[in-house]
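Quick notes on the structure that follows.
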Amino acid sequence: MDIKKLQTAVVDALEDVKAQDIKIYDTTHLTSLFDRVAIASGTSNRQTKALAASVRDKVKAKGGHVVSVEGEDTGEWVLVDLGDMIVHIMQPAIRAYYRLEEIWGDKEVKMGAAKRVASSAAAKKAGEDEKPAKIRRTREQAEAVEASQAIDDEAPKKPARKPRTTSVTSDAKPAPKTTRAPRASTTLSAAKTKAAAGAAGTAVKRKAPAKKAVGTTVKVAMPKSAVASKKAAAAKRPARPKAKA
4 MDIKKLQTAV VDALEDVKAQ DIKIYDTTHL TSLFDRVAIA SGTSNRQTKA LAASVRDKVK
64 AKGGHVVSVE GEDTGEWVLV DLGDMIVHIM QPAIRAYYRL EEIWGDKEVK MGAAKRVASS
124 AAAKKAGEDE KPAKIRRTRE QAEAVEASQA IDDEAPKKPA RKPRTTSVTS DAKPAPKTTR
184 APRASTTLSA AKTKAAAGAA GTAVKRKAPA KKAVGTTVKV AMPKSAVASK KAAAAKRPAR
244 PKAKA
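Written as structure tokens, this is what we have:
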């Protein structure tokens, strides 16, 4: 792994776990064993162990090589050997006692500048990798547009409908307004209609045939007392004179 990418990965890993007072020194002019030394502080044994684990995992994820990790048992001073770079993670008291900055701190590397260089190089490489993809996408879009235009040209076109035109002539006369008929004529026509209906009803009544009684006539004999009184009355009457011939 490139040394600039390596130091950027280390700084990112230390910042992820809230390391304190991170320093990076260039040691190429002091020794040929490694090119960088990083020093950071952790407030507790747990934090120093977590910082060392974060550096180890981050470097491995970026494709770097981790040689060894020492001091995880106590957590007071954990050393992570990355080959070209050595990372010292120490508690504040241990760091103040050994004062490694006086040994390796002849040439400090500014972390902001290192990050900017690494990020710019990564962005440049990503841009170079993205150019062919952009060109390929542009070509595909152009081919798709041409294909759609060809399909539109081959498809039969329907004739456009003509809009309906309504002709308005100035000679058109407004429709005449209907006037109400006088009330007298309406009353007269109603009376005529009523009289005609009455006449028709009378005619219907006259034409209707009378109903015949349906049944048989039963003759009832006179009682005997009535017959005897009738004979007595006839006997008392004077005899009519007979007419002469």
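Using the numbering used here, the first residue of the sequence shown is number 4, and each one after it goes up by one. Glycine included, C-beta positions come from ideal geometry on N, C-alpha and C.
- prompt: Quick one: what's got a C-beta closer than 8 Å to residue 112's C-beta in the same chain, skipping five residues either side?
  reply: The residue labelled residue 112 in the question sits at position 109 within the sequence shown. Excluding five sequence positions before and after residue 112, the CB atoms of its chain that fall closer than 8 Å to its own CB belong to 10, 27, 28, 29, 39, given in chain order.
Residues near residue 78 in its chain [Cβ-Cβ closer than 6 Å; skip 5 each side]: Looking up residue 78 in the sequence shown gives position 75. Once the five neighbours on either side are set aside, the close Cβ partners of residue 78 are 48, 51, 52.
- request: Please list, in chain order, all residues of the same chain as residue 57 whose beta carbon is under 8 Å from its beta carbon, the five residues on each side excluded.
  value: Taking the sequence shown and counting its residues from 1, the one referred to as residue 57 is at position 54. Within the same chain, residue 57 has close Cβ partners 16, 17, 19, 20.
- prompt: So the beta strand (DSSP E) residue 94 belongs to, where does it begin and stop?
  reply: Taking the sequence shown and counting its residues from 1, the one referred to as residue 94 is at position 91. Counting along the chain, residue 94 falls outside any beta strand (DSSP E), and DSSP gives it neither H nor E.
query: When we look at the beta-carbon of residue 142 and count the other beta-carbons within 10 Å, is it buried (16 or more) or exposed?
result: If you number the sequence shown from 1, residue 142 lands on position 139. Looking at its Cβ environment, which holds fewer than 16 other Cβ atoms inside 10 Å, residue 142 is exposed.
- request: Indicate the three-state DSSP secondary structure (helix, strand or coil) for residue 60 in the structure shown.
  value: Indexing the sequence shown from 1 puts residue 60 at position 57. Reduced to three states, the DSSP call for residue 60 is helix.
query: So is residue 102 buried or exposed if we call it buried at 16+ other beta carbons inside 10 Å?
result: Within the sequence shown, residue 102 is the residue found at index 99, counting from 1. Around the Cβ of residue 102, a 10 Å sphere holds fewer than 16 other Cβ atoms; the residue is exposed.
Span separating the alpha-carbon of residue 14 from that of residue 62: Locating residue 14 in the sequence shown gives position 11, where the first residue counts as 1. Locating residue 62 in the sequence shown gives position 59, where the first residue counts as 1. About 10 Å.
- prompt: Looking only at C-alpha atoms, which of 43, 146, 235 sits nearest to residue 104?
  reply: Counting from 1 along the sequence shown, the entry for residue 104 is found at position 101. It is 43 whose Cα lies nearest to the Cα of residue 104.
message: Helix, strand or coil, according to DSSP, for residue 22 in the structure here?
response: What you label residue 22 is simply residue 19 of the sequence shown in a count that begins at 1. It is coil, neither helix nor strand.
message: Taking only three categories from DSSP, how would you classify residue 72?
response: Start at 1 with the first residue of the sequence shown, and residue 72 comes out as number 69. Three-state DSSP puts residue 72 in a strand.
field: Whole-number beta carbon distance between residue 114 and residue 65, since they are thought to touch under 8 Å
entry: Indexing the sequence shown from 1 puts residue 65 at position 62. Indexing the sequence shown from 1 puts residue 114 at position 111. Contact doesn't hold; Cβ gap of about 17 Å is too wide.
- prompt: Terminal residues of the continuous beta strand (DSSP E) containing residue 38?
  reply: As a first step, residue 38 is located in the sequence shown; it is residue number 35 there, counting from the start. Segment: none, residue 38 is in no beta strand (DSSP E) and carries neither H nor E.
field: Inter-residue Cα distance where the pair is residue 81 and residue 97
entry: On the sequence shown, residue 81 is found 78 positions in, with the first residue counted as 1. On the sequence shown, residue 97 is found 94 positions in, with the first residue counted as 1. Inter-residue distance for residue 81 and residue 97 is about 11 Å (C-alpha atoms, whole angstroms).
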